[in-house]
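Quick notes on the structure that follows.
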Amino acid sequence: MVIRTAPLRGHRQALEGPGFLARPDLQILIDLLREEGRRVIGPTVSDGAIVLDEITTLEDLPRGVGDEQAPGRYRLRRRNDERLFGFVVGPTSWKKWTFPALVPLTRASKDGHKVSFAPEPPDTAPVAFLGARACDLAALGVHDTVFTGTAYVDPDYAARRARVFIVAVQCTNAASTCFCTSMGTGPEVEGGHDIVLTELDAGFLVEADSAAGHVFMAKLPLRPASAAEQYGAAATVAAVRARIGDPVPAAGLHDRLLAQLDHPRWAQVAERCITCGNCTLACPTCFCTTLTQTTDLTGVDAVMYRSWDSCFSPGFAKVAGGSFRSRPRDRYRQWLTHKFATWWDQFGSSGCVGCGRCVTWCPVGIDVRDELNAIAPAVPLVPETKLVEPVAATPNDFVTARVVATRQETSDTTSLTLTGTDPAFAQGSTGQFAMVALPGFPPLPISISRFLPDGIELTIRGAGPATRAMCALQVGEQLGLRGPLGNNWPLDRAVGRDLVIVTGGIGLAPLRPVLHAIVAGRRRFGDVKLFYGARTPADLLYRDELERWAARDGIEVSLTVDRAGPDWTGRVGIVTHLFDQAVWDGANMIAFVCGPERMMQATATTLAGRGVPASRIHVTLERHMECGIGLCGHCQMGQYFVCRDGPVFSIGQLGDIFGREGI
Amino acid sequence: MTTHAAPVGARPRVGVVKFASCDGCQLTLLDLEDELLSIVEHFEIVDFPEATSSRSPGPYDVLFVEGSVSEPAHLERIVELRRRTRYLVTIGACATAGGIQALRNWGDHDAFRAGVYAHPEWIESLARSTPIAEHVAVDAELRGCPIDPGQLVELLTALTTGRRPQLRDESVCMECKRRGVVCVMVSKGIPCLGQVTQTGCGAICPRFGRGCYGCFGPREQANAAGLSRHLQMAGDRPREEVGRLFAGFTAYNEPFRSMVTELGGTRTGRTGTATGPAGTTGGKR
């Protein structure tokens, strides 16, 4: 233990604004709190997780330890720094100290015909919470309302809560399970604390928010925080907000959810839900309890205990004669509708603070965000997009377009921006293609890689004479077009679902408009993951866009190459290796896949293994096409003309002809 | 749990008997060192071979039955004991679920006998090991391998005070969470049956960093199929490996039984035992 000596403790000039505390000096705050007789509770590594427990020195904190969280999965990871709070919330919530799992409530005894009951005095030893996050503070606020904000006050909670001093910490990271932004509880700490710290590279920005907090702050060896430090702290928290996005649009959720009491999804989720109750006990706001009696064999002395209970346990709603919520689906519905809807009616707030504990600590990875988006989607499902009538539909006819820009994407691939196209092209849909022709060359089917208000973009790999001639076109030159042809990616069906996009090389071109559509309406979709492979780093298409999708647009982009150069620090190997170890619940997933047929087959198999149904794994097929409208016969595949009935098919549609040799 | 709440009266006559079992659950009774004097003060122990040589043909106010029905003679004996008993309480995984010996219910009984004993003709055993409740009505059961001393005391206390024993029917997870045990499945990827297993053990296995193997047996409405699907799909485990998780001390209780039947997992997987007579599995492909 580090003992600081008196000179650091003298009376200081009160700071006007935020102060800066060097990282080692956080020990002084811990010591000050302990000198007041407080047990300091904070994060510490135990059993492969960052739990909350009593701490006495800085060495107890998870220095340089981060966490990775996903539905049903939690792992620690080493950080490349010395940060003490470089993680998000773990399995423990602070209710362990304000609302313990097991509390003796009453001692009762029997003396002949007389009985007596004596309430147990609550534990009032003072504690300090070090490291509570914005969502944690919101959860304490929810409990304050539940236990002390209505007609009857819970004496045990009130006594415990009154002796808590809170040192909050701003979140400088987000987990994939975080959704405080949707619940309006974070990530910014904005009240309910005494002191708040924002961790920077060398220490902490310190601000006080209560009289007691100011008293402590005055005793710390602070210097005024510089403008750069203040800006850096704010920018870090703002980046966390951007990273989380808005996974569960909350507007109207109360009404939307309660309107869906008969939704078939309740039964579906009950097939996955084990009703183990982990979500409720990990939840920082769940407050249901049960009373148990312990007696000695004489039955003279008895103690009544209160312990955490769960609405998922079969006995929870039981009376003589049976349970009011006998089916698991009833219990899941009870929990979800209580958290997100009826809590508002009872307590004037959501019962969910968006901390994500129930998502991470569900052993089978059920994600409340998915269930909410599926049961009560924020945007109503729109009917399947009607495809625009193509122009120059028959093979004898062409309209012309003019090249206004060219961009060399890779050594052999060029994007042509075309204007002067028929308006039909601008109304085309993601995944559609055009037949593209130059005089003297055979017309070729080329996917539309971008839709513009007055044109389209085509991304063409110079694989043969015709494509090389197209790649060589200069600004101002013209070419012939027919289309847009074929069907589209079923984006409508992806609304409210998690979308997985798997592609390689030039295969990103027909999927690029999908990504543009997602970015334009990001809230309509769940998690979006893009897995993209190329032969070499130089063969990756649209590199600037890839970066933007990852950094700004909330799309999880994973790249791999077959052969790496010296500058490549990413993954090497085939694209399916990027996710064949992933722990996914595919039940709410939809997948769009474009690449060589072998790769699409491997991808489909892996996805099916994660529970993604065949009807929601979509591939786009490449075949020899000349007419593009099902008349020339080249692209037949079983009962389908790929140009007319596809090129996008679900694996379920294709059945066992998909990937079969010689079809 | 179908327990009568009527008290058993002053100093009820208690018997402890065993069927096919290891006696470990009876020993749990003897291990209640702090309570033993109080127990003999409140209960008259009339039959308890592990503890006393005195015997009683009954009747019993309370009879603790350990072990499964595994021999032809057991079939008549349990019916006779039931006739002489007011409250029949089964104790342990053998009595409540058929025990580990019920794994033979998926195998070839005659082949096992011939494989284990030099003179199989001297062995009288039934083709299946079955829980007591498959043969007679049971008033209360204490689960586990072995039973939990706390639950035993709770049951005895409930008998003397005439209240319903508070044996929670909930998942082992609830105990983990109340005790602050970090979930081994989420944090370490260890398969754990705690979600589908009845609590009562105090989550002893997860507390020591291992997965629950279900010795307390399936809890009410256990979604074993859901857990099995998750372990196979998200955990990427072969069917038989998942089946083997359920093929433990309580495998014969539904829904664990259906999981074992559907997925396999009762075989050892060693050469020669899995696919039939010796010689048929040899040879490299």
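Note that the protein sequences, when read in sequence, are chains A and B.
For what it's worth, my numbering labels the leading residue of the first sequence as 1, then goes sequentially.
For what it's worth, my numbering labels the leading residue of the second sequence as 664, then goes sequentially.
Glycine residues also receive a C-beta, built at the ideal position from the N, C-alpha and C atoms.
The structure displayed is predicted, hence computed values, not measured ones.
Within the 8 Å Cβ cut-off, does D386 (chain A) reach chain B?
Asp is not the amino acid found at residue 386 (chain A); the sequence shown has Lys there. No - not a single Cβ of chain B is within 8 Å of the one on K386 (chain A).
Can you name, in chain order, every residue of its own chain whose Cβ lies under 7 Å from the Cβ of S733 (chain B), other than the five neighbours on each side?
F682, A683, Q764, S788, L789 and S792
Could you pull the start and end residues of the beta strand (DSSP E) that A22 (chain A) belongs to?
G19 to A22
Taking only beta-carbon positions, decide if S313 (chain A) is within less than 8 Å of chain B.
yes
For G928 (chain B), which residues in the same chain have their Cβ closer than 6 Å to its Cβ, ignoring the five residues on either side in sequence?
The beta carbon of G928 (chain B) sits closer than 6 Å to those of E903, G906, R907 and A910, all from its chain and outside the five residues before and after it, given in chain order.
In whole angstroms, what separates the C-alpha of A202 (chain A) from that of A238 (chain A)?
20 Å
Integer Cβ distance of G331 (chain A) from T410 (chain A), believed to fall under 8 Å
The amino acid at residue 331 (chain A) is misidentified as Gly; the sequence shows Arg. Wrong, their Cβ atoms sit about 54 Å apart, outside the cutoff.
Taking only beta-carbon atoms, is P576 (chain A) less than 8 Å away from chain B?
It is worth fixing the name first, because residue 576 (chain A) is Thr in this sequence and not Pro. Chain B, which has no Cβ nearer than 8 Å to the Cβ of T576 (chain A), makes this no.
Taking 8 Å as the CB-CB cut-off, is S834 (chain B) touching chain A?
yes
Relative to the C-alpha of R515 (chain A), which residue among A:P490, A:P537, A:T536 and A:A538 is closest?
According to the sequence provided, residue 515 (chain A) is Leu. The question's Arg does not apply to it. Cα-wise, what sits closest to L515 (chain A) is A:P490.
Of the residues that make up the stretch 94 to 108 of chain A, which ones have a beta carbon closer than 8 Å to any beta carbon in chain B?
K96, A101 and L102
Assign Y152 (chain A) to one of two classes, buried (16 or more other C-beta atoms within 10 Å of its C-beta) or exposed (fewer than that).
exposed
For M848 (chain B), does the three-state DSSP call read helix, strand or coil?
helix
Buried/exposed call for P380 (chain A), threshold 16 Cβ in 10 Å:
Any reading at P380 (chain A) needs caution, since the residue's pLDDT is 46, under 50, leaving its predicted position unreliable; the model's value is listed next. Exposed.
Taking only runs of the alpha helix (DSSP H) that begin and end inside the stretch 404 to 479 of chain A, which ones reach a length of at least 4 residues, in chain order?
423 to 426 and 465 to 471
Is the beta carbon of T185 (chain A) sitting closer than 8 Å to the one on G354 (chain A)?
When the beta-carbon positions are compared, T185 (chain A) and G354 (chain A) come within less than 8 Å of each other.
Which same chain residues, not among the five before or five after L200 (chain A), have their C-beta less than 7 Å away from its C-beta?
E229, G232 and A233
Taking the alpha carbon of D422 (chain A) as the point to measure from, which residue in A:A434, A:V215, A:G141 and A:D412 has its own alpha carbon closest?
A:A434
Would you report the Cα separation of T430 (chain A) and F451 (chain A), rounded to the nearest angstrom?
8 Å
Test: T92 (chain A) CB closer than 8 Å to a CB of chain B
yes
Using a Cβ-Cβ distance under 8 Å, would S891 (chain B) count as near chain A?
No, S891 (chain B) lies away from the interface with chain A (no Cβ there is under 8 Å from its Cβ).
With DSSP collapsed to three states, give me the class of G521 (chain A).
coil
Using the rule of at least 16 other Cβ atoms within 10 Å of the residue's Cβ for burial, across every protein chain shown, is H113 (chain A) buried or exposed?
exposed
What do you get for L822 (chain B), buried or exposed, if any count of 16 or more other CB atoms within 10 angstroms of its CB means buried?
buried
Does Q293 (chain A) come within less than 8 Å of chain B when only Cβ atoms are used?
yes
Less than 8 Å between CB atoms is the rule here; does W308 (chain A) satisfy it with respect to chain B?
yes
Could you tell me the distance, in whole angstroms, from the CA atom of L815 (chain B) to the CA atom of C283 (chain A)?
32 Å
For L805 (chain B) and G687 (chain B), I'd like the C-alpha separation in whole angstroms.
13 Å
Going by CA-CA distance only, name the one from A:H143, A:W94 and A:S182 that's closest to A168 (chain A).
Ranking the options by Cα distance to A168 (chain A), first place goes to A:W94.
Can the beta-carbon of V40 (chain A) be found closer than 8 Å to that of L140 (chain A)?
no
Just tell me which of A:R522, A:F204, A:T503 and A:A208 has its CA closest to the CA of G86 (chain A).
A:F204
Which word fits V115 (chain A), buried or exposed, when buried means at least 16 other C-beta atoms lie within 10 angstroms of its C-beta?
exposed
Cut-off 8 Å between Cβ atoms - residues of its own chain near A159 (chain A), not counting five sequence neighbours on either side
Contacts found: P122, D123 and T124.
Rounded distance between the beta-carbons of P453 (chain A) and A426 (chain A), thought under 8 Å
About 6 Å separates the beta carbons of A426 (chain A) and P453 (chain A), which is inside the 8 Å limit, making them a contact pair.
Comparing alpha-carbon positions, which option in A:Y157, A:V528, A:V142 and A:D567 lies nearest S558 (chain A)?
A:V528
Using 8 Å as the threshold, is the C-beta distance between V847 (chain B) and C855 (chain B) below it?
Taking 8 Å as the cut-off, the Cβ atoms of V847 (chain B) and C855 (chain B) count as close.
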